[in-house]
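Some notes on the structure that comes next.
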Amino acid sequence: MRLLFAIILSILCATAMSAAPARPLRVILIPADGGTESGTRADYQPIFNAISRGTGLSFDLKVAQSYGAVVEAMCGGTADIAFLGPVTYVQAHKRGCAELLAVAVEKGQSIYHAGLFARAGSGIDRIGKLKGKRVAFGDINSASSFVFPMAMIVEAKLDPVRDLAEVRLTGSHVNSLAALAQGRVDAAALSFESYEKAVRQDMVDPRHYRVIAKSIAIPYPPLAVNSRLPAPLKAKLRRAFAGIAHAPGVTPDMIRGYGGGRVDGYDTHFPPARFNVAAAKMALVDDALKSRILRKSASR
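Put into structure tokens, the structure is as follows:
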């Protein structure tokens, strides 16, 4: 009887330890808004603070230097949780490193949009007029600052290498918008969330800019959990995110998502197949085209 009790106790202890690690969980974030302390990290600190209150788990948030670095951190085992773009989620998931954890919900939807923006007086009012122009894009693995806008250009029958005067890869949404504001490019690709955040923070005056094109709906940038984490811990995290909107002591101001905007809550049952739209755009902007774009960008 004592032996049976000892076995049961050891199993319970092991389960508890696997669901509550002694060290902080390492969270890696794509540098969506420049990768500064006042940028992406500040956007996501409130929601992880809220999760910590309800679970007792602790989190160490860091911003990566690039989108690709987030994928490598997950696949290399140096990150437990990641905030990724749809494209980087697909990349990490295909390598078996990442499982969908939660997707933010705003007004009943989990979508966002990419855009191509120009200055109001530029005369550029559609994609066709980008021919011969200088265009800024973010990270080459970003869905909304590179893949989807580049796909829109290709679908408009322009060859981005041959037809654009210059392709500038700035590394982030905010850098692309800054290049546009400073007149270093004629147009910029970034998400509407990043653009609206810049407007909220008085970084840009919306009267001075126009939307050239808006993408189709893109699945909201997800949070993913490392596939190697123990199953009880994954379940605990999913329960916490699923109930965060109604958790005791959590205020609406703590429930935030991409761009630092308030969201209604998090969906932990979001169908992974919805990210197939990102995979389709990745196929359109394939490695061969990316290689040509990188060479053009480096030659300026």
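Numbering (mature numbering (1 follows the signal peptide of the UniProt record, and there is no 0)), first residue to last: -19 to -1, 1 to 281. No residue lacks a Cβ here, since even glycine has one placed at the ideal position from N, Cα and C.
Under 7 Å between C-beta atoms of residue i and residue j
| i | j | result |
| --- | --- | --- |
| A198 | P67 | no |
| V166 | A117 | yes |
| K114 | A146 | yes |
| I62 | V206 | yes |
| A221 | G35 | yes |
| R7 | A60 | yes |
| Y48 | S123 | yes |
| D174 | G240 | Note that residue 174 is Glu in the sequence shown, not Asp. Yes; because the gap between Cβ atoms is below 7 Å, this pair is in contact. |
| A54 | I9 | yes |
| A85 | G238 | yes |
| L111 | A50 | no |
| K215 | V128 | no |
| S172 | S208 | no |
Chain-order list of residues whose beta-carbon lies under 6 Å from that of residue i (same chain, five-residue window excluded)
| i | result |
| --- | --- |
| residue 313 | Residue 313 lies beyond the stretch modelled for the chain, which goes from -19 to 281, so this question has no answer here. |
| F(-15) | The predicted position of F(-15) is uncertain, since its pLDDT is 41 and thus under 50; no value can be drawn from it. |
| T249 | A83, R219, F222 and A223 |
| C56 | R76 and C78 |
| I(-9) | The predicted model places I(-9) with a pLDDT of 46, which falls under 50 and marks its position as unreliable, so this point remains unresolved. |
| P253 | L81 |
| P27 | M235 and R237 |
| G20 | D14 |
| R22 | L42 and V44 |
| A194 | L97, I108 and M133 |
Run of the beta strand (DSSP E) containing residue i, from where it starts to where it stops
| i | result |
| --- | --- |
| N207 | L204 to N207 |
| D248 | G246 to D248 |
| D41 | F40 to V44 |
| E136 | Per DSSP, E136 belongs to no beta strand (DSSP E); it is in the alpha helix (DSSP H), F129 to E136. |
| A79 | A79 to V86 |
| F118 | R115 to F118 |
| R143 | Looking at the DSSP string, R143 is not in any beta strand (DSSP E); the run it does join, the alpha helix (DSSP H), is P141 to D144. |
| L270 | Here L270 belongs to no beta strand (DSSP E); instead the alpha helix (DSSP H) covers D268 to A279. |
| A8 | Contrary to the premise, residue 8 reads as Val rather than Ala in this sequence. Unbroken beta strand (DSSP E) run through V8: L6 to L10. |
| R188 | Here R188 belongs to no beta strand (DSSP E), and DSSP marks it neither H nor E. |
| V231 | Counting along the chain, V231 falls outside any beta strand (DSSP E), and DSSP gives it neither H nor E. |
| A99 | A95 to R100 |
| L150 | E147 to L150 |
Continuous alpha helix (DSSP H) stretch holding residue i: start and end
| i | result |
| --- | --- |
| G49 | Y48 to C56 |
| I197 | Premise fails: I197 is in no alpha helix (DSSP H) and is neither H nor E. |
| G35 | T21 to T36 |
| S172 | Note, S172: premise wrong, no alpha helix (DSSP H); beta strand (DSSP E) at A168 to S172. |
| A63 | Premise fails: A63 lies in the beta strand (DSSP E), I62 to F64, not in any alpha helix (DSSP H). |
| L158 | H154 to A162 |
| R243 | Run containing R243: none; DSSP gives neither H nor E here. |
| F222 | A212 to A223 |
| A259 | N257 to L265 |
| K75 | P67 to K75 |
Proximal residues to residue i (C-beta, below 7 Å), its chain only, five neighbours per side dropped
| i | result |
| --- | --- |
| V142 | R273, I274 and K277 |
| V185 | L158, A162 and A179 |
| F64 | L10, I11, Y25, P202 and L204 |
| D120 | S47, Y48, S126, F127, G152 and S153 |
| R255 | P200 |
Contacts around residue i, its chain only, beta-carbon distance under 8 Å, and the 5 residues preceding and following it disregarded
| i | result |
| --- | --- |
| G224 | G35 |
| A31 | I225, A228, V231, M235 and I236 |
| N257 | none |
| S33 | S39 and F40 |
| F29 | V8, F40 and L42 |
| I(-12) | With a pLDDT of 41 at I(-12), under the threshold of 50, the modelled position of that residue is not reliable, and no figure is offered here. |
Cβ-heavy atom distance, residue i to the ligand HEM, below 6 Å
| i | result |
| --- | --- |
| G102 | In the structure on display, the ligand HEM does not appear, and there are no ligands present to speak of. |
Chain B within 7 Å of residue i, Cβ atoms only
| i | result |
| --- | --- |
| M184 | In the displayed structure, chain B is absent; only one protein chain is listed. |
Just checking, does the region 142 to 156 make contact with the region 168 to 184 on the three C-beta pairs under 8 Å criterion?
The region 142 to 156 and the region 168 to 184 touch, with no fewer than 3 CB-CB distances between them shorter than 8 Å.
At least 3 beta-carbon pairs within less than 8 Å: the region 65 to 79 vs the region 185 to 202
Verdict: yes, contact present.
Within 8 Å, do at least three Cβ pairs link the region 255 to 274 to the region 41 to 60?
Because the criterion of three Cβ pairs below 8 Å is not met, the region 41 to 60 and the region 255 to 274 do not touch.
Should the region 103 to 110 be called in touch with the region 232 to 249, which here means at least 3 C-beta pairs below 8 Å?
Too few Cβ pairs lie closer than 8 Å, so no.
Touching or not, the region 137 to 151 and the region 82 to 95, by the rule of three or more beta carbon pairs under 8 Å?
Below 8 Å, too few C-beta pairs join the region 137 to 151 and the region 82 to 95 to call them touching: fewer than three.
Using 8 Å as the Cβ pair cut-off and three pairs as the minimum, do the region 130 to 139 and the region 75 to 84 touch?
A contact between stretches requires three or more CB pairs, one per stretch, nearer than 8 Å, and the region 130 to 139 fails this requirement with the region 75 to 84.
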